[in-house]
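This report concerns only the one structure given below.
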DNA sequence: GATGAATGAGGTTTCATTCAT
DNA sequence: AATGAATGAAACCTCATTCAT
């Protein structure tokens with residue numbers, strides 16, 4: 111009965127379509143790759159005219175940006191959620207906490223191979239800016255791990271001389287290659303698991319015998 | 111008394127041009143990316159007609175194949191050369207040996223950012239076959255490390271329960287992210303060094319205090 | 111009350127453009143030949159962008175197919191229309207009927223030299239499939255004549271031992287060369303006429319005196 | 111011992127190579143078609159460098175010209191040889207003579223499908239000049255037949271009112287379509303034979319009963 | 001005289017983007 | 001606001017022809 115609600119519905123439809131386009135673009139990009147995907151493919155998947163696409167996104171690069179943003183945000187949200195700021199009071203608890211961080215990321219990729227494929231394989235070949243964006247994500251992951259480690263160092267659970275920054279990034283590297291391996295061999299869940307254990311084991315104990 | 115070594119002048123020219131094209135393609139691909147590079151760009155860089163390109167390579171995909179092969183071979187050659195099969199008789203020696211493997215790869219990438227950019231960023235977005243090729247390279251690296259570690263386990267330098275395979279791949283992952291970070295921040299040599307040390311440190315001792 | 115006959119304006123435009131492209135391609139192909147015609151030539155003739163062409167036809171071969179189909183259909187339609195299945199009850203009537211068949215085809219070609227040029231001269235040099243298509247058309251013509259002749263034999267107008275099949279094809283051959291001669295000498299209408307008479311004369315009476 | 115013989119040998123080699131190139135071009139053109147044949151194909155078939163080709167022929171069009179000339183000359187030579195100017199003194203002898211002319215051409219094409227394919231299918235689609243050349247050949251054939259028929263008319267073997275010119279061309283048309291049919295169905299020798307008989311039968315007796 | 005490496009005009013085809021309806 | 005027809009830049013690739021060796 112009033113314009114506001116009508117506008118609001120239109121607005122909701124508009125936002126919904128935007129989200130749908132991002133979703134469709136995500137699927138197409140991750141399945142065939144960015145360069146092999148035409149705008150028409152995205153529109154066709156949604157059953158909309160491809161002219162409509164340009165009412166919501168400026169150009170092909172723009173939609174990629176939004177897709178990557180979307181994925182990035184989902185990844186960071188998942189990681190942050192996974193690691194609620196609960197107090198940690200013992201090494202044992204710390205181990206669990208630490209494992210969760212690594213496993214969190216690994217799991218996200220394992221559960222969303224398309225997401226990993228897009229972020230790790232496709233996004234790197236668009237341009238410098240896009241590559242940087244991926245690097246920032248990896249960097250952020252490394253800093254997250256580093257922050258937890260720094261906390262562990264302060265509490266005395268970890269070596270006082272630990273280079274938390276580099277080690278944090280190293281952890282991300284191990285998770286990264288785990289995700290990559292999983293991408294090309296998605297059925298081998300046992301490797302996935304052994305890998306996670308190996309990472310923890312190396313981290314906690316190193317490779318040398320005690 | 112001459113160094114033509116049984117090749118006619120024409121044949122030498124031919125091989126030289128072939129090599130030049132691979133080199134030029136390598137530069138273009140790693141600088142602008144595969145998809146952003148036109149055959150004409152490669153030809154222009156060499157000052158040859160673009161028709162000449164097709165006398166030496168069947169098509170754009172073909173030259174990429176050769177560029178990647180070339181790079182892959184240089185990487186593996188460097189790694190193999192770096193790790194001559196000298197006998198290792200103590201943990202100390204083992205540390206050095208192990209460090210060399212990791213530093214070898216890291217150094218190759220550090221010294222050839224373009225090579226790393228091409229292999230790690232570009233090659234992943236061409237098609238499945240190309241992606242697989244990169245994965246095979248990473249896998250080979252992991253197995254190389256794993257083989258050294260298995261030797262260390264047999265000699266009692268490393269934990270008997272060490273999962274050498276996963277750990278080998280994990281090492282590659284740490285080197286990989288180190289290379290990636292270096293790519294986006296090539297001037298920070300100190301990080302590169304700290305990273306190498308952190309990897310070694312984590313590997314040998316873990317992160318927990320002894 | 112309107113003549114859109116259930117087609118939307120857009121649809122009509124679309125079909126019109128399709129027909130225009132076929133028409134333009136027909137002209138270009140028959141004037142310069144298939145191989146000498148570029149898609150850009152066809153587009154330029156219509157004043158459309160050459161990309162537009164590809165919205166309506168898959169490729170160059172595709173448009174040729176449609177052009178040939180179009181022409182073939184016009185020829186067969188004209189021939190069939192020319193020879194309504196009226197009853198024939200005397201040799202005199204049969205002569206007229208027979209003459210109409212031959213003259214029908216000859217006239218079609220005479221009135222559409224471009225059509226003849228395309229079908230007889232160009233279509234033969236594209237590939238086997240296209241050549242076969244022309245042969246099928248000629249074969250169909252021969253069978254049409256043969257069927258009429260068979261009827262004449264049954265009615266006793268023609269020799270009982272007449273090889274109607276071969277003779278039917280022979281008639282097509284005579285028409286064919288008549289058309290070819292006309293193509294290279296379009297102004298000589300009298301030859302065209304004498305030829306038609308000679309064909310009839312030979313058919314009915316042979317060359318020997320009675 | 112003298113230059114003349116040496117030069118003469120060189121000259122002979124040169125002429126031999128020229129003939130070989132024409133022969134190779136003939137095979138390639140008739141097998142794949144003029145437009146689908148590259149100069150390199152011709153050279154490869156002979157095992158010579160394709161640059162050598164241009165020492166003997168000005169360009170691709172030039173070699174086609176020579177190939178067609180060669181074929182034309184073989185056809186005319188065969189026809190002329192087939193019809194030695196023996197005296198003809200009766201209708202029976204005339205029939206035989208006439209049959210020989212037609213069968214001569216038909217046989218040439220039947221024995222050399224490639225020749226027919228080149229002349230009838232390929233040559234028509236190069237340019238006007240080439241088409242004209244084919245038409246001239248057909249015209250010559252028609253005139254040849256017409257000349258024989260005129261002789262027959264003068265001797266009273268044929269109808270006095272026979273239009274020898276048109277009828278001569280008509281005979282060529284019948285032979286032409288016979289050759290075309292044979293091209294697409296080379297194995298059916300019986301059709302070939304029946305066709306030849308039908309042509310003769312139609313010519314001598316017409317299709318009407320006497 | 002023979003060779004084949006080099007050239008670039010020319011042709012086909014794709015697809016991101018615009019814009020009239 | 002949605003549509004999809006139209007556009008043409010841009011890329012790949014072929015091959016007739018030239019020319020230095």
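Residue numbers (the working numbering), protein chains in the order written: chain A, 111 to 320; chain B, 111 to 320; chain C, 111 to 320; chain D, 111 to 320. We put the CB at the ideal spot given by N, CA and C, even for glycine.
- For the segment 244-298 of chain B, the full-length alpha helix (DSSP H) segments reaching 4 residues or more read 274-294 along the chain.
- Counting C-beta pairs closer than 8 Å gives fewer than three between the segment 262-269 of chain B and the segment 215-226 of chain A, which falls short of the contact rule.
- Taking 8 Å as the cut-off, the beta carbon of residue 276 of chain B is found closer than this to the beta carbon of residue 308 of chain A.
- Taking a contact to require three or more Cβ pairs closer than 8 Å, the segment 165-179 of chain D and the segment 170-179 of chain C do not qualify as touching.
- A Cβ of chain D is located within less than 8 Å of the beta carbon of residue 273 of chain C.
- Counting along the chain, residue 123 of chain B sits inside the alpha helix (DSSP H) bounded by residues 119-142.
- Under a criterion of Cβ atoms nearer than 8 Å, the residues of chain B adjacent to residue 242 of chain A are, in order, 294.
- The three-state secondary structure of residue 183 of chain B, taken from DSSP, is helix.
- Residues of chain C with a Cβ closer than 7 Å to the Cβ of residue 231 of chain D are, in chain order, 234, 235, 241.
- Contact with chain D is found for residue 286 of chain C, since one of that chain's Cβ atoms lies less than 8 Å from the residue's Cβ.
- Taking C-alpha positions only, residue 310 of chain D is separated from residue 210 of chain D by approximately 10 Å.
- Within the same chain, 240, 241, 244 come within 8 Å of residue 234 of chain B by CB-CB distance, once the 5 residues on both sides are set aside.
- In this structure the segment 243-258 of chain C touches the segment 279-295 of chain C; the number of beta carbon pairs closer than 8 Å is three or more.
- Taking a C-beta distance under 8 Å as the contact criterion, residue 140 of chain A and residue 227 of chain A qualify as a contact pair.
- For the C-beta of residue 139 of chain B, not a single chain A residue is nearer than 9 Å; the gap to the nearest is close to 10 Å.
- Chain C has a Cβ within less than 8 Å of the Cβ of residue 291 of chain D.
- If you compare the alpha carbons of C/121, C/207, C/230, C/164 with that of residue 181 of chain C, the shortest gap goes to C/230.
- Only buried fits residue 135 of chain B, as 16 or more other CB atoms lie within 10 angstroms of its CB.
- Ranked by how close their Cα comes to the Cα of residue 267 of chain C, the residues C/284, C/315, C/155, C/237 have C/315 in first place.
- If you draw a straight line from the Cα of residue 303 of chain A to the Cα of residue 142 of chain B, it comes to about 38 Å.
- Scanning its chain for C-beta atoms nearer than 6 Å, with the 5 sequence neighbours on each side dropped, one finds around residue 147 of chain D the residues 138, 139, in chain order.
- If you look at residue 166 of chain A, you'll find it in the alpha helix (DSSP H) that goes 160-166.
- Residue 200 of chain C carries a coil assignment under DSSP once its states are collapsed to helix, strand and coil.
- Counting the other CB atoms within 10 Å of its CB gives residue 298 of chain D a total below 16, which places it among the exposed residues.
- By the neighbour-count criterion, in which 16 or more other beta carbons inside 10 Å mark a residue as buried, residue 159 of chain C falls on the exposed side.
- Interface residue (Cβ-Cβ distance to chain B less than 8 Å): residue 159 of chain A is not classified as such.
- Proximity of chain B to residue 276 of chain A at the Cβ level (cut-off 7 Å) is accounted for by 304, 305, 308, in chain order.
- Neighbours of residue 248 of chain A across chain B, judged by C-beta separation under 9 Å: 287, 290, 291.
- Within the model, the alpha-carbon separation for residue 305 of chain C versus residue 189 of chain C is close to 19 Å.
- Boundaries of the alpha helix (DSSP H) harbouring residue 152 of chain C: 149-156, taken from the DSSP string.
- The C-beta of residue 143 of chain D comes closer than 8 Å to at least one C-beta of chain C.
- Annotation: residue 224 of chain A to residue 157 of chain A spans about 22 Å, alpha carbon to alpha carbon.
- If you compare the alpha carbons of B/184, B/162, B/201, B/236 with that of residue 269 of chain B, the shortest gap goes to B/201.
- Cβ-Cβ separation between residue 312 of chain A and residue 254 of chain B: approximately 17 Å, too far for a contact (criterion under 8 Å).
- At least one beta carbon of chain C lies nearer than 8 Å to the beta carbon of residue 283 of chain D.
- Only residues of its own chain outside the window of five on either side were considered, and among them 127, 128, 131 have a CB closer than 7 Å to the CB of residue 166 of chain A, listed in chain order.
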